[in-house]
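Numbering (full-length UniProt numbering) for the sequence shown: 1 to 153. The C-beta atom is built at its ideal place from N, Cα and C for all residues, glycine as well. Since the structure is predicted, the reported quantities are computational estimates derived from the model, not experimental observations. All remarks here apply to the structure that follows.
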Amino acid sequence: MHNDQHFLERAVALARRNVEQGGRPFGALLVRDGQVLAEAVNEIHLSQDPTAHAELLAIRSASQQLGPRLNGCVIYASGQPCPMCLAAMYLCGVSRAVFAASNQQAAPFGLSTAAIYEQLGQPLATQKLPVQHLPQAAMNAIYQDWQDRHAAH
């Protein structure tokens with residue numbers, strides 16, 4: 001759990017930095033055996049690619065080093081992985097995912113993917129992949145910062 005907290009704090013810091021640089025409040029790390037293999041932020045604002053989520057970019061980067069199978073790897077994400085990112089984790093064999101802010105926490109900021117989850121199927125509790133919610137108080141301020149910056153445009 002101590003390493004989970006450490007890596008999750010890094011993902012939250014990436015999210016904070018991305019908001020400060022004009023992006024969305026999402027960051028992710030891909031870790032295996034305590035080593036960070038890749039870290040990424042949501043880059044939709046840069047590439048206009050709607051799949052440029054932090055988790056997918058971290059998976060892509062790590063896959064360039066390790067190949068398409070990422071067994072034994074853990075994804076740490078600032079926000080609850082969307083169904084697309086979660087599906088990618090299943091596809092590449094990520095062993096576990098840990099996130100800071102839930103869809104419920106993100107909903108007031110317009111950043112929840114709960115409606116998509118409802119369309120696609122089962123709740124997290126019944127899914128095969130363990131997905132751990134480890135709340136981080138800092139995320140409310142980061143989301144508020146994003147909202148304030150986004151509303152200013």
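Residues Ala100, Ala101, Ser102 and Gln105 of the same chain have their beta carbon placed closer than 8 Å to that of Pro135, with the five preceding and five following residues left out of the count. DSSP, read as helix, strand or coil, puts Phe99 in strand.
Excluding the 5 residues flanking it on each side, Gln132 has same chain C-beta neighbours closer than 8 Å at Asp4, Arg96, Ala97, Val98 and Phe99, in chain order. Nearest neighbour of Gly27 by Cα position, chosen from Ile59, Tyr117, Ala107 and Gly34, turns out to be Ile59. Here Glu39 carries a strand assignment [DSSP, helix/strand/coil].
The beta carbons of Asp145 and Val19 sit about 5 Å from each other, so the pair counts as a contact at 8 Å. Leu129 and Met89 do touch by the CB rule: their CB atoms are close to 6 Å apart, below 8 Å. Around Arg10, the same chain offers Leu29 as residues with beta carbons nearer than 6 Å, after the five sequence neighbours per side are excluded.
In the structure shown, the three-state DSSP call for Gln65 is helix.
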